[in-house]
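Here the structure comes first, spelled out in structure tokens, and everything after it is commentary.
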Amino acid sequence: FLKHTQCFSKPEVYDFNRCVDKGSIILNYLANNASIADLIPSLCCGFFDIIDCLERKGNEHCLHKTGPETGAYVANTANMLVREIIDLSCGQRKSLEECKRVESERLSLFANLTTPFEKIEPQQLGFFYPLIKIARKLDS
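Sequence positions in the sequence shown follow the working numbering and run 262 to 401.
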């Protein structure tokens, strides 16, 4: 853990924060716009998109500071947080590659919501507010 934290300094940390903000934008969009039938597949692919963003930014910013393991470490840490949901709910959508194959339109929508990456604004509500809205929607 401590080895990888060397990489989380300014300005690199801003891109990691943008990945999280990107996730908040996607989750908020899903909470407000996805139908019940589309919610789980969208949520699964959204999680994979966020995890991929964290790994790419880890590789991009940390390769020369902490080595090639940091991108995977960050992605695996994020993956652990949502692994149970993915294992129980995602069906054939168990990776970003499978989402690209099965849900390419959905991923294009996510990309359009969060492009350009450098212009993603900090999100005030974070992940939990839209996740609670999604849970309520699924529970209704």
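Where a beta carbon is used, it is the ideal one built from N, C-alpha and C, also for glycine.
Since this is a predicted model, take the numbers as computed values, not measurements.
> Do the stretch 300-320 and the stretch 330-340 touch if we need at least three Cβ pairs shorter than 8 angstroms?
Replying inline: yes
> For chain C, is any of its Cβ atoms less than 9 angstroms away from the one on LYS361?
Replying inline: Given the protein chain composition of this structure (a single chain), no chain C is represented.
> If we count Cβ pairs, one from each stretch, closer than 8 angstroms, do we get three or more for the stretch 365-384 versus the stretch 335-355?
Replying inline: no
>> Please tell me whether CYS402 and CYS360 are closer than 9 angstroms, where the distance is taken between their beta carbons.
In response: Nothing can be reported for residue 402, as the shown portion of the chain is limited to 262 through 401.
> Which value, in whole angstroms, describes the spacing of the CA atoms of ASP276 and LEU368?
Replying inline: Numbered from its first residue, the sequence shown carries residue 276 at position 15. Numbered from its first residue, the sequence shown carries residue 368 at position 107. Answer to the nearest angstrom: the Cα atoms are 20 angstroms apart.
> The alpha helix (DSSP H) spanning ARG344 covers which residue range?
Replying inline: Locating residue 344 in the sequence shown gives position 83, counting from the first residue. First-last of the alpha helix (DSSP H) with ARG344: 330-350.
>> For the ligand MG, is there any heavy atom lying closer than 8 angstroms to the beta carbon of ALA372?
In response: Among the ligands in the structure shown, none appear at all, so the ligand MG cannot be discussed.
> Using CA coordinates, which residue listed in ASP313, ASP282, ILE286, HIS325 is at the minimum distance from GLU358?
Replying inline: Within the sequence shown, residue 358 is the residue found at index 97, counting from 1. Comparing Cα positions, the closest option is ASP313.
> In three-state terms, what does DSSP make of LYS366?
Replying inline: If you number the sequence shown from 1, residue 366 lands on position 105. Here residue 366 turns out to be Glu, not Lys, going by the sequence shown. Reduced to three states, the DSSP call for GLU366 is helix.
> From PHE371 to GLU379, what does the alpha carbon distance come to, in whole angstroms?
Replying inline: If you number the sequence shown from 1, residue 371 lands on position 110. If you number the sequence shown from 1, residue 379 lands on position 118. Their backbone Cα atoms lie some 15 angstroms apart in a straight line.
> What three-state label does DSSP hand PRO377 in the structure shown?
Replying inline: In the sequence shown, residue 377 corresponds to position 116, counting from 1. In the structure shown, PRO377 sits in coil (DSSP, three-state: anything other than H, G, I, E or B).
>> For GLU366, which residues in the same chain have their Cβ closer than 8 angstroms to its Cβ, ignoring the five residues on either side in sequence?
In response: As a working mapping, residue 366 is identified with position 105 in the sequence shown. If we look at GLU366 and ignore the five residues flanking it on each side, it has no Cβ neighbours.
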